[in-house]
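One structure is given below, encoded as structure tokens.
In full-length UniProt numbering, the protein residues as written are 1 to 206.
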């Protein structure tokens with residue numbers, strides 16, 4: 001069973017993906033971490049603006065050494081959005097993601113193009129979203145909780161900029177797959193959102 005979860009930044013898709021993976025005993029891949037790791041490598045080398053360098057970083061990426069906590073900063077979120085818009089980077093990471101999805105028993109993947117590009121035949125697809133202001137508030141609280149000094153207005157501006165970039169890029173833009181079920185978490189707590197997501201998956205399984 002493959003569960004594909006897509007949606008914009010801070011929509012809650014990652015939290016739901018982890019909860020669903022734990023519920024079903026499936027491996028989980030937050031594909032956004034792959035792009036954050038590529039962005040981190042480019043930033044460290046001072047080459048975020050170099051498309052060839054970002055493709056090389058993607059081709060040599062080792063998922064076994066990714067540090068999720070270190071990669072979840074506001075700066076790397078922005079860097080990820082930059083490199084993810086590059087077709088060469090997306091192509092370099094395509095096979096890696098599909099191999100993960102192809103594991104015996106299935107997997108849960110969340111990102112921006114899972115249901116449309118990575119796993120178009122996944123039996124269960126969700127498109128998780130929320131109003132920009134709600135997503136900005138969630139991300140702001142998360143970053144402040146991690147000790148980052150940032151304002152809500154700055155986070156909202158970043159969310160809106162990333163939405164525009166993710167939806168407008170030429171390669172694998174953020175889109176709801178035709179057969180994905182829309183789940184708006186704007187007014188839902190985590191338990192209610194998980195219950196709704198679980199119901200969607202169970203309906204597709206049935």
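The beta carbon of each residue, even a glycine, is placed where N, CA and C say it ideally should be.
Taking C-beta atoms under 8 Å as the contact rule, residue 159 and residue 135 qualify, at a distance of about 6 Å. By alpha-carbon distance to residue 88, the top candidate from 127, 35, 44, 190 is 35.
Under the three-pair Cβ rule at 8 Å, the segment 52-71 does not count as touching the segment 101-109. The C-beta of residue 125 has 16 or more other C-beta atoms within 10 Å across all chains shown, which makes the residue buried. Residue 101 is a Cβ neighbour of residue 2, given a cutoff of 8 Å.
Buried is the label assigned to residue 41, since at least 16 other Cβ atoms lie within 10 Å of its Cβ.
In this structure, DSSP gives residue 62 a state outside helix and strand, which the three-state scheme calls coil. Nearest C-alpha to residue 166 among 73, 79, 20: 79. The alpha-carbon separation between residue 94 and residue 156 amounts to approximately 30 Å.
Distance from the Cα of residue 10 is smallest, within the candidate group 25, 99, 32, for 32. Beta-bridge annotation (DSSP): residue 184 is paired with 129. A Cβ-Cβ distance of about 4 Å is found for the pair residue 12 and residue 185, placing them in contact under the 8 Å criterion. The shortest C-alpha to C-alpha distance from residue 23 to any of 194, 152, 176, 58 is the one to 194. The shortest C-alpha to C-alpha distance from residue 115 to any of 75, 173, 152 is the one to 173. Note that the C-beta distance between residue 17 and residue 58 is not below 8 Å. Taking C-beta atoms as the reference points, residue 162 and residue 81 count as a pair closer than 8 Å. About 11 Å separates the beta carbon of residue 20 from that of residue 199, a gap too long to meet the 8 Å contact definition.
Around the C-beta of residue 76, 16 or more other C-beta atoms lie within 10 Å, and the residue is accordingly described as buried. The Cβ atoms of residue 188 and residue 127 lie no closer than 8 Å to each other. Straight through space, the alpha carbons of residue 137 and residue 146 are spaced by roughly 14 Å.
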